[in-house]
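*Asks:* Pasting a structure below so you can have a look.
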Amino acid sequence: MTTSFNGMNGVGGASSRTVLITGASKGLGRALALELAKRGHTVIGCSRTQDKLSSLQSELSSPENHLFLNADVKSNSSIEELARAVMEKKGVPDIIVNNAGTINRNNKIWEVPEEEFDTVIDTNVKGVANMLRHFIPLMITRKQGIIVNMSSGWGRSGAALVAPYCASKWAVEGLTRSVAKEVPDGIAVVALNPGVINTDMLASCFGNSAALYQAPEAWALKAATMILNLTAADNGASLTV
Ligand SMILES: NC(=O)c1ccc[n+]([C@@H]2O[C@H](COP(=O)([O-])OP(=O)(O)OC[C@H]3O[C@@H](n4cnc5c(N)ncnc54)[C@H](OP(=O)(O)O)[C@@H]3O)[C@@H](O)[C@H]2O)c1
């Protein structure tokens, strides 16, 4: 990997970066992958659905430049294996977007089945921690790197019927601020509230009114620019697209 951070100082992300996105098979992760590849960046995407990753890769103009791998963020060993494969094929990513996430079906907390609560926490909180565990040491070796942890408006406020999800995203905010105090100079860890976007996740909690919100492609135009412009000076920030 020869990419450098020269050019990251607010110049619109001119240099080519390698960006790892978890949860790239649909929704925000997929739209961001398409937008970054269109701008000439190298995308490493993962999720649990290989056929969707393969079809995304085939949509990109130079599919061979990108890497899509099956991985489950809930599993520490799966992410350990992901880190090994990424290092072998692409080296340390310049930017990691911890985007993979899930939400509970709308329900009051006493109606949420135990396994569903666990899945939300295992994916949204432990999933991010698994990524941090295996990728921060690699970024430390390289003395640089940007990590974007996908938060939510519901990581900064409360809402009925999605308490497990809110709890998980508040945890992402706390995890981010704390880890920001642990990483050495040159590395930034930030929390990003993407706003409200029409994806399967939004349809799960908003029903038909999800269609009133922006499309992932429109969101990705703004989000890509914002993410590419992050620098080490942003460490610990809570940002909103
Ligand atoms: N949409 C919004 O308005 C909104 C608002 C605030 C925050 N967010 C956050 O933005 C992120 C993306 O949300 P979205 O709306 O795009 O959701 P989405 O359409 O439901 O997509 C979620 C993605 O996460 C992946 N994923 C889920 N569990 C995973 C696991 N265990 N391992 C690996 N990948 C996994 C899914 O892929 P597979 O199923 O193929 O594994 C899929 O690619 C989430 O963190 C969400 O909390 C979204």
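According to the working numbering, the residues represented by the sequence shown are 45 to 285, in order. Note that beta-carbon positions come from the ideal geometry of N, C-alpha and C, so glycine has one too. All figures in this text were calculated on a predicted structure; none of them were measured in a lab.
Are there 16 or more other CB atoms within 10 angstroms of the CB of Glu79, so buried, or fewer, so exposed?
*Replies:* What you label residue 79 is simply residue 35 of the sequence shown in a count that begins at 1. Glu79 comes out buried.
*Asks:* In this structure, what does DSSP give as the bridge partners for Leu283?
*Replies:* Locating residue 283 in the sequence shown gives position 239, where the first residue counts as 1. Bridge partners of Leu283: Leu236.
*Asks:* With distances taken from CA atoms, which of Thr220, Gly189, Pro228 and Ser201 is nearest Asn273?
*Replies:* Translated into positions along the sequence shown, residue 273 becomes position 229. Comparing Cα positions, the closest option is Gly189.
*Asks:* What first and last residue would you give for the alpha helix (DSSP H) that runs through Val172?
*Replies:* Start at 1 with the first residue of the sequence shown, and residue 172 comes out as number 128. Its alpha helix (DSSP H) spans residues Gly171 to Arg186.
*Asks:* Measuring only the C-alpha atoms, how far is His178 from Thr243?
*Replies:* Within the sequence shown, the letter at position 134 stands for residue 178. Within the sequence shown, the letter at position 199 stands for residue 243. Roughly 29 Å between the two C-alpha positions.
*Asks:* Assign Asn142 to buried or exposed, taking buried as 16 or more other Cβ atoms, counted over all protein chains shown, within 10 Å of its Cβ.
*Replies:* Position 98 of the sequence shown, counting from 1, holds the residue named residue 142. Its Cβ being crowded by 16 or more others within 10 Å, Asn142 is buried.
*Asks:* Is the beta carbon of Glu217 less than 8 Å from the beta carbon of Ser195?
*Replies:* Taking the first residue of the sequence shown as 1, we reach residue 217 at position 173. Taking the first residue of the sequence shown as 1, we reach residue 195 at position 151. Yes, the Cβ-Cβ distance between Glu217 and Ser195 is below 8 Å.
*Asks:* For Leu283, which residues of its own chain have a beta-carbon under 8 Å away from its beta-carbon, when the five flanking residues on both sides are left out?
*Replies:* The sequence position of residue 283 within the sequence shown is 239, counting from 1. Around Leu283: Val234, Ala235, Leu236, Asn237 and Met270.
*Asks:* Less than 8 Å between the C-beta atoms of Lys133 and Thr86, yes or no?
*Replies:* Translated into the one-based positions of the sequence shown, residue 133 becomes position 89. Translated into the one-based positions of the sequence shown, residue 86 becomes position 42. Result no, Cβ atoms of Lys133 and Thr86 do not sit closer than 8 Å.
*Asks:* Is the beta carbon of Ala75 less than 8 Å from the beta carbon of Ile65?
*Replies:* To locate residue 75, count along the sequence shown from 1; it is residue 31. To locate residue 65, count along the sequence shown from 1; it is residue 21. Result no, Cβ atoms of Ala75 and Ile65 do not sit closer than 8 Å.
*Asks:* Out of curiosity, what's the CA-to-CA distance linking Val172 and Val117?
*Replies:* Taking the sequence shown and counting its residues from 1, one reaches residue 172 at position 128. Taking the sequence shown and counting its residues from 1, one reaches residue 117 at position 73. In a straight line, the C-alpha of Val172 is about 7 Å away from that of Val117.
*Asks:* Give the straight-line distance between the Cα atoms of Ser253 and Met131, rounded to the nearest whole angstrom.
*Replies:* Indexing the sequence shown from 1 puts residue 253 at position 209. Indexing the sequence shown from 1 puts residue 131 at position 87. So the alpha carbons of these two residues sit roughly 42 Å apart.
*Asks:* Is the beta carbon of Ser106 less than 8 Å from the beta carbon of Ala144?
*Replies:* Start at 1 with the first residue of the sequence shown, and residue 106 comes out as number 62. Start at 1 with the first residue of the sequence shown, and residue 144 comes out as number 100. Their beta carbons are not under 8 Å apart, which means Ser106 does not touch Ala144 by this criterion.
*Asks:* In the structure shown, what three-state DSSP assignment does Gly189 receive?
*Replies:* By 1-based counting over the sequence shown, the position of residue 189 is 145. Three-state result, Gly189: strand.
*Asks:* Looking only at C-alpha atoms, which of Ala81, Trp154 and Ser69 sits nearest to Leu265?
*Replies:* What you label residue 265 is simply residue 221 of the sequence shown in a count that begins at 1. For Leu265, the nearest C-alpha among the options comes from Ala81.
*Asks:* Spatial neighbours of Ala267 within its chain, please: CB distance less than 7 Å, with the 5 preceding and 5 following residues excluded, ordered by chain position.
*Replies:* Residue 267 sits at position 223 when you count from the first residue of the sequence shown. These residues qualify, in order along the chain: Leu76, Pro238 and Val285.
*Asks:* Any heavy atom of ligand 1 closer than 7 Å to the CB of Asp162?
*Replies:* On the sequence shown, residue 162 is found 118 positions in, with the first residue counted as 1. Flag unset: Cβ of Asp162 not near ligand 1.
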